[in-house]
Amino acid sequence: MSPMLEVRNLSAAVDGKPILCGIDLNVGPGEVHAVMGPNGSGKSTLSYVLSGREDYVVTGGEVLFDGRNLLEMEPEERAIAGLFLAFQAPVELPGVGNANFMRTALNAIRRARQECELDAVQFLKLARAAAKRLHMPEDMLKRNVNVGFSGGEKKRNEVLQMAILRPRFAILDETDSGLDIDALRIVADGVNALRGPEFSALVITHHQRLLDHIVPDYVHVLLTGRIVRSGGPELARELEARGYAAAEAA
Amino acid sequence: MSGALATAAGGLLARYDRLRSVLPGDAEARSRAAATIRRRGLPSPRDEAWRYTNLKALAEIGGPRRATSADVAELLQGLPVLDAAATVVLVDGRLRRDLSRVPDTLAVASFAEHPLTAEGLRPERETLVAANEMLAEDGALIDVSAGRDAGLVLLASIGTGAEDSFHPRHSVRLAEGAKLTLFELSIGSGRYLHNPVFSVELAKDAVLTHVRLQDEPSTAVYLSTTYVAVDAAATYDSFTLNLGARLGRTEVHATLRGERAVTHLNAAQLLSGTQHGDVTTVVSHIAPSCASRQTVKNVLSAHARAVFQGKIEVARGAQKTDGYQMNQTLLLSPDAEVDSKPQLEIYADDVKCSHGVTIGALDADQMFYLRSRGIGADEARSILVRAFLAAALDAVGDEQVRGVLEAAIEGWWARQPA
């Protein structure tokens, strides 16, 4: 089976400084891959490069998404193709209502796919049901996007957007950081609800804790811009016990 | 005086010479105003109050008129449909009873019929007011009696391009405890100068909500001056939205002369191309315990230029003054420019006055966040600009009027090249 996401020898720099130094990664349909690594190893850079942030410059290699050249696509084109990034630090949008924001996004994607747009009533029904599954109070839909949200609320809001936009490929950038154990379980349930043969994910995390709830098919260790080891879910537990330095040495 | 300014002043004086025998009212005051303009000419960037706004575009307003001016009926289609108590329409500065709708219960007179000189105008200081004094042909005089709520009145100015300039003189007087929402709209077609002067007098406990939408054609020049006198516990609550005109200036002089008087001088300007928009305010705190609030927001694209000059004067006796002023600008282009000049002149010692200025581009993180959700760059920009303006528009309490302003902003956005 051909991979959904194919990363070949990808290198990238920020402000002229090389951060990713030849990443190879294949994620097949229905697979969940975890990328683990210490601070500064390039985890977030990988997520930004894949989702198309302008100030991250690709210096080598290529990325195919469903066989298409991902790196040539605008960020919104990547979203329309089915890619979703759950931000490590979700951005606040004062003056933009949360429900309105999500409906605009969903309808932009639906329009591009030549599907019918949802009116406000249809959308609210969908959004309320999704919010309920994530144990989010309904007033979070009425508030401005992420403004005044606690850290945990912001992360849940990312997962809510994911539940509404239903991507085929999600990148979760340290979605577990700052979450207590209950919130972690809710977030993990949100991701697991999407799992299936048509949904793949890249779960970026420091900790093995999240991977107890979102059990990955593969685990990769990222150190100084390179994947130094890959393995099954047991690798996460080994890292937790022995640390990243040992992983490289092994 | 530069050649262009001399040409512009000459054009106004020629109009006066042509019309002086038929202009209504105080011929002597007009002649004095003409003498002021002859002597001083139009203000140039050397005058501190006009340092950032050059009137040389006025030189191009004159010249021969088109044989057929724009169709009034067609321009009337541009008026919003409002559930208003009255609609007062002026065409090229002249009150048109046939196009207006005023119930008997509301006192709306015409300046042409009652050319009284209002108090508080300073044609000797403000040259554009002198031009108005010299050339005013008509205007709306609205009086609301004590304790009455006159509801919403639409005051619409339509320019057809048949006249090279028009200088309406308006007056709004609210007696004790009276209330009025005045929605002033300026639209039109063609090349002209619209130079209205307003005098507003608010007696004790009166509340005037004054919303202004300036959506003149991109070939017109709009220069308006408003003098406001606010008595004790009265409120002058104003919001100005400047979208149109190649050159626009909204100048307001508000005097808080009774205790606990309040004024809000909020504004937003959306400018593109080579448009120039100027919001100039002078708030004079004369009486103690008065409050003034100003938030002025600019959104500038292409080579547009905005000016904000905000002066707060606090007289010696005006203790417990509460003054606040904020100017925020969003630059959508590296070629856009804003000049922001706050001025505080405080002669009392127990006051609270603050001001702030922010200038910035669209936030790259916010843009990326929106685009990563599938929203195209143009739509993302428009969402962020609207969000920037949302807080300013929230200050407009009347939902109908706010709806018109929001629609006007959408219209402005739709006119912009992608």
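Line order of the protein sequences matches chains A and B.
Under the numbering used here, residues 1 to 250 are what the first sequence spells out, in order.
Under the numbering used here, residues 1001 to 1418 are what the second sequence spells out, in order.
Note that beta-carbon positions come from the ideal geometry of N, C-alpha and C, so glycine has one too.
As the structure is a computational prediction, the values presented were derived from the model and not from experiment.
Chain-ordered neighbours of Q1294(B) on chain A, where CB pairs are closer than 9 Å
Under the 9 Å cutoff, chain A gives no residues; its nearest Cβ is about 19 Å from Q1294(B).
Is P197(A) close to chain B, meaning its C-beta is less than 8 Å from at least one C-beta of that chain?
no
Mind checking who S1157(B) pairs with in its DSSP beta bridge?
L1090(B), S1186(B)
Does the beta-carbon distance from F1198(B) to T1181(B) come in below 8 Å?
no
Interface partners of V58(A) on chain B, CB under 8 Å
Simply none; closest approach about 16 Å.
Residues of chain B with CB closer than 8 Å to the CB of L85(A), please, in chain order.
S1372
Which partner residues does P1342(B) have in the DSSP bridge list?
G1310(B)
If you measure from the beta carbon of S51(A) to each beta carbon in chain B, is any gap under 8 Å?
yes
Same chain only: Cβ atoms within 6 Å of G1139(B), ignoring 5 sequence neighbours per side:
F1111, P1168, R1169, H1170
Which class does A1150(B) belong to by DSSP, given the choice of helix, strand or coil?
strand
What does DSSP give as the partner residues of H220(A) in its beta bridges?
V35(A), S230(A)
Find the residues of chain B that neighbour V91(A), judging by a C-beta separation of less than 7 Å, and give them in chain order.
D1365, Q1366, Y1369
Kindly indicate the opening and closing residues of the beta strand (DSSP E) around A13(A).
5-14
For A1395(B) and F1239(B), believed in contact at Cβ under 8 Å, the rounded distance:
6 Å
Give the C-beta separation of V1299(B) and L1332(B) to the nearest angstrom, bearing in mind that I take them to be a contact with Cβ-Cβ under 8 Å.
7 Å
Would DSSP call R1400(B) helix, strand or coil?
This sequence places Gln at residue 1400(B); Arg is not what is there. Of the three classes helix, strand and coil, the one that applies to Q1400(B) here is helix, per DSSP.
Less than 6 Å between C-beta atoms, sequence neighbours within five positions excluded: which residues of the same chain meet that for R1173(B)?
D1143, E1201
So is I80(A) in contact with chain B if we call contact Cβ pairs under 8 Å?
yes
Consult DSSP for F84(A) and reduce its assignment to one of helix, strand or coil.
strand
Would you say the region 1028-1038 of chain B touches the region 218-234 of chain A, given that touching needs at least three Cβ pairs under 8 Å?
no
Indicate whether at least one CB of chain A lies closer than 8 Å to the CB of A1118(B).
no
Using a Cβ distance threshold of 8 Å, determine whether the region 1008-1016 of chain B contacts the region 1035-1047 of chain B, with at least three qualifying pairs required.
yes
What does the alpha-carbon distance come out to for the pair S47(A) and E31(A)?
17 Å
Label R1191(B) either buried or exposed according to how many other C-beta atoms from any shown protein chain fall within 10 Å of its C-beta, with 16 as the threshold for buried.
buried
Chain A partners of E1379(B), CB-CB under 8 Å?
T104, A108
Whole angstroms are fine: how far does the CA of H207(A) sit from the CA of L160(A)?
22 Å
Less than 6 Å between C-beta atoms, sequence neighbours within five positions excluded: which residues of the same chain meet that for F955(B)?
The question about residue 955(B) has no answer here: the residues shown for chain B are numbered 1001 through 1418.
Chain A residues whose Cβ lies nearer than 7 Å to that of G1376(B)
E76, A108
How would you label I181(A), buried or exposed, when you count the other beta carbons within 10 angstroms and need 16 or more for buried?
exposed
Looking at the structure shown, is A1254(B) part of a helix, part of a strand, or coil, going by DSSP?
strand
Exposed or buried, which one is D1104(B) when buried takes at least 16 other CB atoms within 10 Å?
exposed
Quick one: Cα of V1221(B) to Cα of A1073(B), how far?
22 Å
The beta strand (DSSP E) enclosing G190(A), as first and last residue numbers:
Counting along the chain, G190(A) falls outside any beta strand (DSSP E), though it belongs to the alpha helix (DSSP H) covering 181-194.
Mind listing the chain A neighbours of F1198(B)? Cutoff is C-beta to C-beta under 9 Å, in chain order.
Those do not exist, as F1198(B) stays about 31 Å from chain A at its closest Cβ, beyond 9 Å.
Taking the beta strand (DSSP E) that S1238(B) falls in, what are its first and last residues?
1235-1242
From E1345(B) to H1276(B), what distance separates their C-alpha atoms?
27 Å
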